[in-house]
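Peer 1: I'd like to ask some things about the structure below.
Numbering (the numbering used here), first residue to last: 712 to 822.
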């Protein structure tokens with residue numbers, strides 16, 4: 712029976728070399744500070760503060776759009792969304808909420 716010849720193991724060609732140095736990171740140009748977008752609740756609080764009277768959610772949405780504070784991003788029922796958000800803030804924050812419900816469907820700023 713003939714013996715099989717096995718190849719000799721050789722050390723890798725780059726075994727004695729050091730790893731290449733890493734390139735220094737490039738400094739990113741500073742991004743311009745964009746003005747923070749005002750959310751629906753913040754805009755509603757601003758509108759209620761300016762008017763000083765209780766408003767329905769639809770009235771708040773119309774006033775926010777007219778003054779340019781906030782517009783709905785393709786939402787079909789922004790008044791319902793605002794209504795739910797205000798109620799959620801009232802229930803979660805209780806006395807620390809910015810809003811208070813004055814009558815059915817109307818909200819005012821908490822004092």
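Think of the CB as a built atom: it goes at the ideal place given N, C-alpha and C, for glycine as much as any other residue.
What is the rounded straight-line gap between the Cα of residue 765 and the Cα of residue 743?
Peer 2: Cα-Cα distance, rounded: 38 Å.
Peer 1: In the DSSP assignment, the alpha helix (DSSP H) including residue 826 goes from what residue to what residue?
Peer 2: The chain is shown from 712 up to 822; residue 826 falls before or after that span and cannot be answered.
Peer 1: Starting from residue 736, follow the beta strand (DSSP E) in both directions and report where the run begins and ends.
Peer 2: Counting along the chain, residue 736 falls outside any beta strand (DSSP E), and DSSP gives it neither H nor E.
Peer 1: Residue 757 lies in the alpha helix (DSSP H); which residues open and close that run?
Peer 2: Unbroken alpha helix (DSSP H) run through residue 757: 751-762.
Peer 1: Looking at the structure shown, is residue 792 part of a helix, part of a strand, or coil, going by DSSP?
Peer 2: Residue 792: helix per DSSP, three-state reduction.
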